[in-house]
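Below: the structure, in structure tokens.
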Amino acid sequence: MKSIKLSIVALFIASASFAQLKDAKIETAKAIQVTPTEVKTPVTPKQSTIKWDQEMHDFGDIEKGKPVTYEFSFTNTTKETILITNVRPACGCTAANYTKTPIKPGEKGMVAATFNAASGGQFQKSVTITTNENGAEAVKTLSFKGKVLDPATEKKEEIKS
């Protein structure tokens with residue numbers, strides 16, 4: 785008997801609360817006036833103009849589970865001091881380190897990408913670098929590729945032959 789009374793009270797409270805929300809939504813909808821606004825397209829960063837020594841690196845054959853690192857270097861060919869503001873690897877298997885101090889015109893900087901392979905086979909990864917060139921953001925994507933050799937698979941193939 786007690787549970788029936790509680791169920792009825794809960795049902796009453798739920799229906800009353802929904803009825804109030806509906807009225808509030810109608811009043812809110814009447815009060816809101818939509819004014820047309822100009823749609824702005826997002827600003828896409830321009831391509832970087834600094835001179836990279838190499839934009840793609842081939843590691844060749846590497847062993848699974850042994851990290852490999854390549855240092856991409858560049859020369860500031862602009863007429864202003866630049867700063868690397870962000871370096872973002874494309875996946876969690878890649879870590880990056882970079883020159884964190886301002887780079888004056890004619891000076892060199894670097895971005896080091898370390899890849900740690902968790903599975904065998906061909907791979908191609910990228911690192912996206914954001915710099916502030918000529919007072920605006922500029923983006924450059926560097927890539928590296930190779931083939932991961934699985935030591936266990938290599939041993940099985942040797943035994944079969």
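Under this note's numbering, residues 785 to 945 are what the sequence shown spells out, in order. Cβ atoms here follow ideal geometry from the backbone N, Cα and C, with glycine treated the same way.
Per DSSP, the continuous beta strand (DSSP E) segment holding K929 begins and ends at 920 to 933.
K863 places its beta carbon less than 7 Å from that of P889.
T898 sits close to P851, with the two beta carbons spaced by under 7 Å. The C-alpha of K848 lies about 14 Å from the C-alpha of K929.
Excluding sequence positions up to five before and after F907, its CB lies within less than 8 Å of the CB of F899, A901, K929, G930, K931, V932, all in the same chain and listed in chain order. Considering only G876, N918, N860, G919, the residue with the shortest C-alpha distance to K909 is G876. The beta carbons of E891 and N860 sit about 6 Å from each other, so the pair counts as a contact at 8 Å.
Contact check for V895 and V911: beta-carbon distance about 6 Å, within the 8 Å limit, so the pair qualifies. DSSP places S857 in the strand class (E or B) of the three-state scheme. Just measuring C-alpha positions, the residue of N916, S903, S857, W836 sitting nearest N870 is N916.
Residues F858, T883, I887 of the same chain have their beta carbon placed closer than 6 Å to that of G893, with the five preceding and five following residues left out of the count. Secondary structure note for P851: it is in no beta strand (DSSP E), with a DSSP letter that is neither H nor E.
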